[in-house]
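Number of protein chains: 2
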Amino acid sequence: MDIQLKRGLLDVCVLAAIKDEDSYGYKIIKDMKPYIQLSESTLYTILKRLETAAMLTVRTAEHGGRLRKYYRITPAGKRRIEEFKGEWQEMVSIYRFVTKEDTDE
Amino acid sequence: MDIQLKRGLLDVCVLAAIKDEDSYGYKIIKDMKPYIQLSESTLYTILKRLETAAMLTVRTAEHGGRLRKYYRITPAGKRRIEEFKGEWQEMVSIYRFVTKEDTDE
DNA sequence: TCGCATACTTCGTGTTACGATGTATTACGT
DNA sequence: ACGTAATACATCGTAACACGAAGTATGCGA
Chain F
1 MDIQLKRGLL
11 DVCVLAAIKD
21 EDSYGYKIIK
31 DMKPYIQLSE
41 STLYTILKRL
51 ETAAMLTVRT
61 AEHGGRLRKY
71 YRITPAGKRR
81 IEEFKGEWQE
91 MVSIYRFVTK
101 EDTDE
Chain L
1001 MDIQLKRGLL
1011 DVCVLAAIKD
1021 EDSYGYKIIK
1031 DMKPYIQLSE
1041 STLYTILKRL
1051 ETAAMLTVRT
1061 AEHGGRLRKY
1071 YRITPAGKRR
1081 IEEFKGEWQE
1091 MVSIYRFVTK
1101 EDTDE
């Protein structure tokens, strides 16, 4: 999939990946993989950005003798997902503009 | 609309704006305005990029004593639009991932 | 013990959308 | 005649961003 097309989707996808239960980096990548692929460096950049924007909170916990960072969505993060639903409608209208046939043909 | 979300749409929108008949910068901006807004500097960057990618050709013509650059879509440009339709299906599946409700709620 | 999966981090780079600014001509109102 | 807006295209610098590459470290199975 085209990188540019992915850009607007990535942040909101990561939020969606943690919206039902807390998750951590590696798991987020695996959960998203069937829908959208991203590298580790990209994910951690996004997580940092979303944390700065207060759309998620981070908690470090031990798991199997190893440290994991668990991410939890905040109300602001959930609002972002709702906002995206509205933007999606705009996208749909753009899609129709792009694909609409000329009346002559 | 979120800038990131626009990114993947812009190129293909410009192609859509010229796909039925040749057009020029100012007109393209006005035609796209109801769906997606972009500045002149952005448009001319995109037009240059699409020309380099051989998705459109340019022709300079006089109009009302003033020079205008008319842009015409190429077969490669039309293929790009078709390709976008496929990518859109991926977008739809991502949208569903983002908005799907937890089965418990 | 060797390699693989897990898990997170940092750095440099190329693409890109945009605002600011500039140039020039036409059209229109007063 | 004169000023202002609209038309039309161009360039420059900047900041956001996704990514590959590389690094660090641990647990686990063959």
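Residue numbers (the numbering used here), protein chains in the order written: chain F, 1 to 105; chain L, 1001 to 1105. Heads up, the beta-carbon is just placed ideally off N, CA and C, and yes, glycines get one too.
Member of the options whose CA lies at the smallest distance from the CA of residue i
i                : options                       : result
R59 of chain F   : F:K69, F:E51, F:T52 and F:L50 : F:K69
K1033 of chain L : L:D1022, L:D1020 and L:A1016  : L:A1016
F1097 of chain L : F:A76, F:I81 and F:S39        : F:I81
I1094 of chain L : F:Y95, F:W88 and F:Y26        : F:W88
E21 of chain F   : F:I73, F:G86 and F:E83        : F:I73
P75 of chain F   : F:Y35, F:G25, F:E51 and F:K27 : F:E51
T42 of chain F   : F:F84, F:R66, F:C13 and F:T57 : F:C13
Q4 of chain F    : L:K1100, L:I1018 and L:M1091  : L:M1091
As assigned by DSSP and simplified to three states, the class of residue i
i                : result
G86 of chain F   : helix
K1027 of chain L : helix
T1057 of chain L : strand
E1040 of chain L : helix
K33 of chain F   : coil
D11 of chain F   : helix
M1 of chain F    : coil
T1045 of chain L : helix
T1099 of chain L : helix
Residues bridged to residue i [DSSP beta-bridge criterion]
i                : result
K1069 of chain L : L:T1060
Short CB-CB distance (under 8 angstroms) between residue i and chain F
i                : result
G1025 of chain L : no
L1047 of chain L : no
D1002 of chain L : yes
Chain L within 8 angstroms of residue i, Cβ atoms only
i               : result
Y44 of chain F  : no
I36 of chain F  : yes
D106 of chain F : Outside the modelled stretch of chain F, which goes from 1 to 105, sits residue 106 of chain F, for which no answer is possible.
Taking any Cβ of chain F, which residues in the segment 1050-1073 of chain L have a Cβ under 8 angstroms from it, in chain order? none
Taking a cut of 9 angstroms between CB atoms, which residues from the segment 1072-1100 of chain L lie near chain F?
I1081, E1083, F1084, K1085, E1087, W1088, E1090, M1091, S1093, I1094, Y1095, R1096, F1097, V1098, T1099 and K1100
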